[in-house]
Amino acid sequence: EAQKELSYLPAPQTAEEHLVYSKLYSEARGYVKAIRLMNKAWEMSPSYAYQKELLEWIFPKNFKKDLLAAQKKTGVNDTWLRSLIRQESAFNPRAVSPSNALGLMQLLPATANEVAMEVGRGPLDLPNDLFQASRNIELGSRYLEKMLNRFDGKLPFALAAYNAGPTRLSRWLSGAKIPLTETELWVDELPWAETSLYVKAILRNILIYELLDKGQLDLTSPIWQISSKGS
């Protein structure tokens, strides 16, 4: 309702107006619109870029309880999950993609059902179950855990598999003779431009969330080497 009311406002003209509108949409949980408005404000006035308060408007920390519960069950870092959700659905629990991926973590019904059956939580009531934040996060985190296990705990590879599919990624890695010990170079060689951008966007999200949480970044190891095994 709040987002609908905001849509009646006149179009913003200045960088300052774009910032105000971005905050209003953020408060109404219209994060896709908030992000677009913020990006435009930064484009119009670079002096606003990357201020902590402004970043917090477009890097929200919604569903904290559900994400921490998922981390406890799966061992998958809650910041990783939050960063994936920002990219997948911009925190919209009822998001539906053109390929019919559903909810916060944009799960395909067949994939979600498979994971639910594996953990004794199926069959699902589709699409309703995937529009429930806690259920979607539970199943999405389980699926990301599967991808991490399959790709030696390496988050960038797991994210690529989450987006493009594990079979397609494995086939390409094998053909390209790229080992799981590879770091930054392989992602630019992916034959799927969307997946390459997807992996980079989520790793960027992780860095920004860590900066917002801790006030500084741990740059002792490259972001490309991030792993659930601590390597």
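Letter by letter, the sequence shown follows residues 4 to 234 in the numbering used here.
Glycine is no exception: its CB is placed at the ideal position from the N, C-alpha and C atoms.
Note that the C-beta distance between LEU27 and MET41 is not below 8 Å. In the DSSP assignment, VAL99 forms a beta bridge with LEU105. Looking at the DSSP output, LEU110 shares a beta bridge with LEU105. The region 56 to 70 and the region 130 to 143 touch, with no fewer than 3 CB-CB distances between them shorter than 8 Å.
Distance between GLU4 and SER102, taken at the CA atoms: about 27 Å. If you check the CB distance, GLN74 and ASN80 come in under 8 Å.
Between GLN90 and ILE205, the CB-CB gap stays under 8 Å.
Residues of the same chain with a CB within less than 6 Å of the CB of LEU193, apart from the 5 flanking positions on each side, are SER199 in chain order. Assigned with DSSP and collapsed to three states, GLY143 falls in helix.
Listed in chain order, the non-local C-beta contacts of TRP83 below 7 Å within the same chain comprise LEU158, ILE209, local neighbours out to five positions each way being set aside. By the beta-carbon neighbour count (other beta carbons within 10 angstroms, threshold 16), MET108 is buried. By a beta-carbon distance limit of 8 Å, LEU215 contacts PHE62. Their separation comes to about 6 Å. Counting along the chain, LYS64 sits inside no alpha helix (DSSP H), nor does DSSP assign it H or E at all. Listed in chain order, the alpha helix (DSSP H) runs fully inside the region 27 to 86 are 34 to 47, 55 to 61, 67 to 77, counting runs of at least 4 residues. With a contact defined as Cβ atoms closer than 8 Å, TYR146 and LEU110 qualify at about 7 Å.
Straight-line measurement puts the Cα of ALA37 at about 14 Å from the Cα of LYS7. For the set SER10, TYR212, ALA44, ARG39, the Cα lying nearest the Cα of GLU19 is the one of ALA44.
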